[in-house]
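Number of protein chains: 2
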Amino acid sequence: MDAGTARRRLSSARVGHLATVTATNRAHLVPCCFAIEGETIYSAIDAKPKSTLALRRLQNIRSNPAVSLLVDHYDENWDSLWWVRVDGIARTADDAVERGRAMGLLAAKYEQYVAMPPPGPVLAIDIGCWRMWP
Amino acid sequence: MDAGTARRRLSSARVGHLATVTATNRAHLVPCCFAIEGETIYSAIDAKPKSTLALRRLQNIRSNPAVSLLVDHYDENWDSLWWVRVDGIARTADDAVERGRAMGLLAAKYEQYVAMPPPGPVLAIDIGCWRMWP
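Chains A and L, in that order, are what the protein sequence lines are. Quick note: the first sequence uses this note's numbering, first residue 325, plus one each step. Quick note: the second sequence uses this note's numbering, first residue 325, plus one each step.
Below you can see the structure in the form of structure tokens.
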């Protein structure tokens, strides 16, 4: 898979899988909606800011910002399987301008966000490397 | 989601997402086929035993056996989203009897394995806890 195909597949995927590492070095994994701009991925925390679901992800990236986001395609014809993974460094998009921009990107990709803006912070992942298969 | 639904959804999912942690505490993430029996999940390494893809996962579980496997359902109606995650301890199924049994379970779930038995080791994940949403 070439880099252009990898970017196109990642950009258009409706759901990704985000792996973070807890402070006690255990893997933590959640599905998430996301949008990409340049070499940054944005993902809103759909859960309320103080909920357990939101806190776990935020705590993890504070103690260890190295994260991994995977999108993949499953097909019963195993010759058609593929996946694209980006490894990067996560942070919360605290700057109001960047957060607004990210919310615009997310709402443009997911109309669900237009009616129901996510209440929590926005995660930004600055991509360090792309991996793809095959 | 009750425990029975979670088990049924996990069991019938065609693909899961496996997160491991590298020796340098970075998240690593791959899609994988798997089968469940009791509280153990089996997943064959499809890549050749000495390939980079296979080695990375095996090295990770040797240095840190705590892994996480997620299955999820995406739907444009966000009221229909769900996921099931099991956190557990991974090992290779080195015992010939257990490996044979695991291969039988995998071939029963995926007919692709009947024609094309996976060349690599079989991972066993002993489930420590189940998480599900909603």
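Think of the CB as a built atom: it goes at the ideal place given N, C-alpha and C, for glycine as much as any other residue.
Next item on the list: Given a cut-off of 8 Å, decide if R350 (chain L) and P389 (chain L) are closer than it, judged by their beta-carbon atoms.
Entry: Residue mapping note: residue 389 (chain L) aligns to position 65 of the second sequence, counting from 1. Residue mapping note: residue 350 (chain L) aligns to position 26 of the second sequence, counting from 1. No. Outside cutoff.
Check: For L429 (chain A) versus A359 (chain A), is the C-beta distance shorter than 8 Å?
Finding: Your numbering for residue 429 (chain A) matches position 105 in the first sequence. Your numbering for residue 359 (chain A) matches position 35 in the first sequence. Going by C-beta atoms, L429 (chain A) is nearer than 8 Å to A359 (chain A).
Check: Is there contact between the region 444 to 453 of chain L and the region 394 to 404 of chain L, where contact requires at least three CB pairs shorter than 8 Å?
Finding: Between the region 444 to 453 of chain L and the region 394 to 404 of chain L, the count of Cβ pairs shorter than 8 Å is below three; the stretches do not touch.
Next item on the list: List the DSSP bridge partners of W366 (chain A).
Entry: Here the question's residue 366 (chain A) lines up with position 42 in the first sequence. The sequence given here has Tyr at residue 366 (chain A), not Trp. Partner(s): A:A359, A:A448.
Note to self: Quick check on DSSP: helix, strand or coil for M427 (chain L)?
What the structure shows: Along the second sequence, read from residue 1 onward, the residue named residue 427 (chain L) stands at position 103. Reduced to three states, the DSSP call for M427 (chain L) is helix.
Next item on the list: Give me the Cα-Cα distance between I365 (chain L) and D418 (chain A), rounded to the nearest whole angstrom.
Entry: Against the second sequence, residue 365 (chain L) aligns to sequence position 41. Against the first sequence, residue 418 (chain A) aligns to sequence position 94. Spanning the two alpha carbons is a distance of roughly 40 Å.
Notebook entry, point to check: Which residues in the same chain as A330 (chain A) place their Cβ atom closer than 7 Å to its Cβ, once the five residues preceding and following it in sequence are excluded?
Noted result: The sequence position of residue 330 (chain A) within the first sequence is 6, counting from 1. Contacts found: V408, W454, M456.
Margin query: Just to confirm before moving on: does the CB-CB distance between E361 (chain L) and I451 (chain L) stay below 8 Å?
Written below: Within the second sequence, residue 361 (chain L) is the residue found at index 37, counting from 1. Within the second sequence, residue 451 (chain L) is the residue found at index 127, counting from 1. No, these two residues do not count as a Cβ contact at 8 Å.
Checklist line | Reduced DSSP category for S392 (chain L) - H, G, I as helix; E, B as strand; rest coil | finding: Along the second sequence, one-based indexing puts residue 392 (chain L) at 68. Strand at S392 (chain L).
Next item on the list: With DSSP collapsed to three states, give me the class of L405 (chain A).
Entry: Translated into positions along the first sequence, residue 405 (chain A) becomes position 81. Shown here, L405 (chain A) sits in coil according to DSSP, grouped into three states, outside any helix or strand.
Notebook entry, point to check: What are the uninterrupted segments assigned as beta strand (DSSP E) that are 3 or more residues long and contained completely in the region 330 to 356 of chain A, given in chain order?
Noted result: Listed in chain order, they are 340 to 345, 351 to 356.
Next item on the list: Could you check which residue in L:V339, L:S367, L:V354, L:S392 has the C-alpha nearest to that of T376 (chain L)?
Entry: To locate residue 376 (chain L), count along the second sequence from 1; it is residue 52. Answer by Cα proximity: L:V354.
Check: Is there a Cβ from chain L that is less than 8 Å from the Cβ of S392 (chain A)?
Finding: Residue 392 (chain A) sits at position 68 when you count from the first residue of the first sequence. Yes, its Cβ sits closer than 8 Å to a Cβ of chain L.
Checklist line | Neighbouring residues, chain A, relative to Q436 (chain L) (Cβ below 8 Å) | finding: As a position in the second sequence, residue 436 (chain L) is number 112, starting the count at 1. Under the 8 Å cutoff, chain A gives E400, W402.
Note to self: Is it buried or exposed, N401 (chain A), if we count other Cβ atoms within 10 angstroms and call 16 or more buried?
What the structure shows: The residue labelled residue 401 (chain A) in the question sits at position 77 within the first sequence. The residue is exposed, with fewer than 16 neighbouring Cβ atoms inside 10 Å.
Notebook entry, point to check: Can you name the residues of chain A whose CB is closer than 7 Å to the CB of T460 (chain L)?
Noted result: Absent from the structure is residue 460 (chain L), since the part of chain L shown begins at 325 and ends at 458.
Margin query: If you reduce the DSSP assignment to three classes, tell me which class A414 (chain A) lands in.
Written below: On the first sequence, residue 414 (chain A) is found 90 positions in, with the first residue counted as 1. Residue state, collapsed to three classes: strand.
Item checked: CB contact check: L353 (chain A) to chain L, cutoff 8 Å -> Along the first sequence, one-based indexing puts residue 353 (chain A) at 29. Chain L contact via Cβ: present.
Next item on the list: Step through the CB atoms of chain L and report whether any lies within less than 8 Å of the CB of R338 (chain A).
Entry: Within the first sequence, numbered from 1, the residue matching residue 338 (chain A) stands at position 14. By this cut-off, R338 (chain A) is an interface position.
Next item on the list: Starting from the beta carbon of T344 (chain A), find every residue of chain L whose beta carbon is closer than 8 Å, and list them in chain order.
Entry: Numbered from its first residue, the first sequence carries residue 344 (chain A) at position 20. Simply A351.
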